[in-house]
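Here the protein sequences line up with chains Y and V, keeping their order.
Residues in the first sequence are numbered consecutively from 11, following the numbering used here.
Residues in the second sequence are numbered consecutively from 3, following the numbering used here.
Even glycine gets a Cβ: it sits at the ideal position worked out from N, Cα and C.
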Amino acid sequence: MRDHASPKPRSTLRRHLMQGLVALPLIGLSAIGQAAPPATAVVNTTKLAVTDTEVTVGQLHSATGTMAISETGSIQAEQLAIDQINAMGGVLGRKIKVIKEDGASDWPTFAEKSKKLLINDRVAAVFGCWTSASRKAVLPIFEKENGMLYYPTFYEGLEQSKNVIYTGQEATQQILWGLDWVAKEKKAKTYFLVGSDYIWPRTSMKIARKHIESVAKLGKVVGEEYYPLGHTNFNSLINKIKVAKPDVIFIAVVGGSNVSFYKQLKAAGVTAAKQTLLTISVTEDEVLGIGGENMAGFYASMKYFQSLDNANNKAFVQAFKAKYGAKAVIGDVTQAAYLGPWLWKAAVEKAGSFDVDKVAAASVGIEFKGAPEGYVKVHPNHHLWSKTRIGQAQADGQFKVVAESPELIEPNPFPKGYQ
Amino acid sequence: MNKIKAFIDQRGLGSFLILAALILVVFPLAMDIFRLNLVGKYLTYGFVAIGLVMCWGYGGVLSLGQGVFFGLGGYAMAMFLKLEASDPISTKIQSTPGIPDFMDWNQLTALPLWWEPFKYLPFALVAVLLVPTLLAFVISFAMFKRRVGGVYFAIITQAVALIMTVLIIGQQGYTGGVNGITDLKTLLGWDIRTNSAKYILYFANALLLLGCIYFCLWVQKSKLGTLLLAMRDKEDRVRFSGYDVSMFKVFAFCLAAMLSAIGGAMFTLQVGFMSPSFVGIVPSIEMVIFAAVGGRMSLIGAVYGALLVNFGKTYFSESFPDLWLFLMASLFIGVVMAFPNGLAGVYTSHVKPWLARRKATQAKSQALAVPPADNPPPASPPPAKEAEVPGLIRAT
Chain Y
11 MRDHASPKPR STLRRHLMQG LVALPLIGLS AIGQAAPPAT AVVNTTKLAV
61 TDTEVTVGQL HSATGTMAIS ETGSIQAEQL AIDQINAMGG VLGRKIKVIK
111 EDGASDWPTF AEKSKKLLIN DRVAAVFGCW TSASRKAVLP IFEKENGMLY
161 YPTFYEGLEQ SKNVIYTGQE ATQQILWGLD WVAKEKKAKT YFLVGSDYIW
211 PRTSMKIARK HIESVAKLGK VVGEEYYPLG HTNFNSLINK IKVAKPDVIF
261 IAVVGGSNVS FYKQLKAAGV TAAKQTLLTI SVTEDEVLGI GGENMAGFYA
311 SMKYFQSLDN ANNKAFVQAF KAKYGAKAVI GDVTQAAYLG PWLWKAAVEK
361 AGSFDVDKVA AASVGIEFKG APEGYVKVHP NHHLWSKTRI GQAQADGQFK
411 VVAESPELIE PNPFPKGYQ
Chain V
3 MNKIKAFIDQ RGLGSFLILA ALILVVFPLA MDIFRLNLVG KYLTYGFVAI
53 GLVMCWGYGG VLSLGQGVFF GLGGYAMAMF LKLEASDPIS TKIQSTPGIP
103 DFMDWNQLTA LPLWWEPFKY LPFALVAVLL VPTLLAFVIS FAMFKRRVGG
153 VYFAIITQAV ALIMTVLIIG QQGYTGGVNG ITDLKTLLGW DIRTNSAKYI
203 LYFANALLLL GCIYFCLWVQ KSKLGTLLLA MRDKEDRVRF SGYDVSMFKV
253 FAFCLAAMLS AIGGAMFTLQ VGFMSPSFVG IVPSIEMVIF AAVGGRMSLI
303 GAVYGALLVN FGKTYFSESF PDLWLFLMAS LFIGVVMAFP NGLAGVYTSH
353 VKPWLARRKA TQAKSQALAV PPADNPPPAS PPPAKEAEVP GLIRAT
């Protein structure tokens, strides 16, 4: 079933305005108060799926397969943002209609579906992808067909495209400040790096090692280990850690491996009381599977935690739970996915057009004061300026924010000195 | 005209020509380039499916690892295209310009030696055909010479598929890992991403597939085909007749591998990337399903199977993103339960007899309606007429 963002009859305009007013403090962008929407011929010169009343966008995530568990949060957050935007009157006077496609955790399927969205459906923007592999599979298609992709996941960097807005953090944003914090707060000198064996952990650890050993000279790396995706037996690793006795274990283990990793750590007596552990790959979503009691006391370096204490976030969490149930949790990527539709709306309105070239150009410098993570801004390299925070895992599955970078951190997908 | 008809009937080419007309004329006229490109992709699985008909349906050798050969063919092609896309100018942002981007991300500073020859298209093309075939030869020769067969062989092919996936993902500096080899742009300077290129590649792919089917039909009709069938049904009898059974099996397996590899290479060209998600156990089993749905004894049926399953996959997942996996499962279960011999089985058990009956009744009514004077009697001698009559009686 294709998920149409429920279009409402015109008679409810008043209610829309009311909803819009209620939502105004939430999003912090003034969009209402516009006169009649501009003519379609003006805002759409490249034959996109834009009519006088509607604009079509695509949503491309894995609803099935191994990645579904991670991507569901992003699907929900994007839908929530789109519903809120529609309740406020849409974009340039047009309601957003969503065409949902399932990438099925399969990179070729992502490629096929992105072609369908761009060539057949002529969507104005696509919110989607999660893994780097899926993004790499669709990137050439977005560049060739000149589409616009909003990509929510924190990722390895080393990429920049006119056709992509990266709403998650690239590696240096997420890692460097966290390492500095742990070096300062925990007096850490020795580091043990562990990751799943694919491009994101490999690149992240490369950056971490350079930062620890040569750029910031924090100390020494005493071990670096990688395990295949889905690996579940970490006993040999735990023995190596016990021998090396690092001050900090720095982790980028993803997916299902996390569950066995933290359970085995706990079973081996490696707990927060004795060992500092900093992860860049566990959000509230993963803690659901790991179990808060197995994670309690360990640290995560992210830009967003559900427990963030600000008005934007409270409204966001409340709206999310109202729509998806009180038990729903919100992780870093879910929040980043929520930003996508809002940033797109702001860029379209700044450009006064849905044309991809104009939206891409207008995106640079877009500010979003209503983001749950706080103020963000789009950098000329299409990544976001954002803060980094350290959260300490609690037994109830939430993170307590214990530190926050004082300034927004500049995105730097091609970091000099870290290659 | 009659001569041509007789030739077609005799060779069993009728369904072949219908398929050819469908993919060369009907599809290109009925579909836009996006859909046609998708059909082109489905047809690359057709290569795998006809390979499975030859080795499973005819040779009795079930392989659950065809993805390995599809992948090797695809990777060989992708390596050539990737090197062409990685010239020093377009990769100047890297630490080491001139090598594929994923190598740079994995801290490689020079092109590995075994990648070097893939700079040359002829080498890549030879590798597409020979590397998978050689691997198939080594596996099957080692197994069949020891008379390991049947289920055991199927399990071993699965293990090979698993090993290959682990190898590709583990050696990401050399293979691109989970991401695969992406962002392929040109073939000898010819941009393969344009619409005109997609048309050309579609037709090249379709003609190549038809050529391969024709070759396999020829093999089936030959003495070799008969021997393969005999071996499948009573291996010992063929062995005791003095034939080296294992080498026939090796042949069938290698043929299937080579066909899969051609499919893989065409896939890379049309889709623009290659990744380990085609190599593992799941895609390999899916490929067996194509052949099973189409009918494992019919080359043409297998192509329809690949088309139907993939068309279903695309259609269901586009129209019912939340339910499509269930619909696919019902399709598989439905087809296999209702028609154990696949679509081609339906044709032989239902459509063909019905056609024959119709033809017979038509012929009979014609024979009754037409007065004898209208026959071309001077040429046809009376005995022939007599012979026809009992035949008619039998048919009715």
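Within the stretch 197-223 of chain Y, the complete alpha helix (DSSP H) segments of 4 residues or longer fall at 209-220, listed in chain order. The CB of residue 172 of chain Y never comes closer than 8 Å to any CB in chain V; the least such distance is about 14 Å. Rounded to whole angstroms, residue 101 of chain V and residue 294 of chain Y show a C-alpha spacing of 39 Å. When only Cα atoms are considered, residue 251 of chain V and residue 239 of chain V end up about 15 Å apart. A buried status is given to residue 233 of chain V, since no fewer than 16 other beta-carbon atoms sit within 10 Å of its beta-carbon. Rounded to whole angstroms, the gap between the alpha carbons of residue 186 of chain V and residue 132 of chain Y is 23 Å. Per the DSSP secondary-structure output, residue 401 of chain Y pairs in a beta bridge with Y:310 and Y:411. Per DSSP, reduced to three states, the secondary structure at residue 92 of chain Y is helical.
Under the three-state reduction of DSSP output, residue 233 of chain Y falls in the strand class. Contact of residue 132 of chain Y with chain V is not assigned, every C-beta pair being separated by 8 Å or more.
Shown in chain order are the members of the stretch 320-352 of chain V whose Cβ falls below 8 Å from a Cβ of chain Y: 320, 321, 322, 323, 324, 325, 326 and 327.
When DSSP assignments are scanned along the stretch 93-153 of chain Y, the uninterrupted stretches of beta strand (DSSP E) that are 3 or more residues long and fall wholly within it turn out to be 105-112 and 136-138. In terms of Cα proximity to residue 307 of chain V, the closest of V:200, V:41 and V:27 is V:41. For a Cβ distance threshold of 8 Å, nothing in chain V lies close to residue 86 of chain Y: the least Cβ distance comes to about 14 Å. Counting C-beta pairs closer than 8 Å gives fewer than three between the stretch 136-150 of chain Y and the stretch 279-287 of chain Y, which falls short of the contact rule. Contact check for residue 272 of chain Y and residue 232 of chain Y: beta-carbon distance about 21 Å, past the 8 Å limit, so the pair fails to qualify. For residue 352 of chain Y, DSSP assigns no beta-bridge partner whatsoever. Between residue 198 of chain Y and chain V, the shortest Cβ-Cβ separation is not below 8 Å.
Selection V:30, V:290 and V:64 evaluated against residue 150 of chain V yields V:64 as nearest (Cα-Cα).
Beta-bridge pairing by DSSP links residue 262 of chain Y to Y:205. Distance from the CA of residue 317 of chain Y to the CA of residue 139 of chain V, rounded to the nearest whole angstrom, comes to 60 Å. In chain order, 227 place their CB closer than 6 Å to the CB of residue 221 of chain V, counting only its own chain and leaving out the 5 sequence neighbours on each side.
Residue contact with chain V for residue 74 of chain Y: present (Cβ-Cβ distance below 8 Å to some residue of chain V). Per DSSP, the unbroken alpha helix (DSSP H) holding residue 46 of chain V starts and ends at 35-54. Here DSSP, grouped into helix, strand and coil, assigns residue 386 of chain Y to strand. Assignment of beta-bridge partners to residue 366 of chain Y by DSSP yields no partner. Nearest in C-alpha terms to residue 383 of chain Y, of all of Y:345, Y:366, Y:407 and Y:91, is Y:345. For the C-beta of residue 147 of chain Y, the chain V residues within less than 8 Å are, from N- to C-terminus, 181, 182, 184, 275 and 277. According to the DSSP secondary-structure assignment, residue 165 of chain Y is paired through a beta bridge with Y:180. Residue 355 of chain Y is positioned such that its CB atom lies closer than 8 Å to that of residue 101 of chain Y. About 5 Å separates the beta carbon of residue 214 of chain Y from that of residue 262 of chain Y, a gap short enough to meet the 8 Å contact definition. Shown here for residue 58 of chain V: same chain residues with a beta carbon closer than 6 Å to its own, the five before and five after excluded, namely 64 and 298 in chain order. When secondary structure is reduced to three states using DSSP, residue 81 of chain Y falls in the helix class. Residue-level contact check: residue 292 of chain V does not touch chain Y, since none of the beta carbons of chain Y fall below 8 Å from its beta carbon.
For a Cβ distance threshold of 9 Å, residue set 166, 168, 209, 212, 213 and 216 of chain Y lies close to residue 107 of chain V, ordered along the chain.
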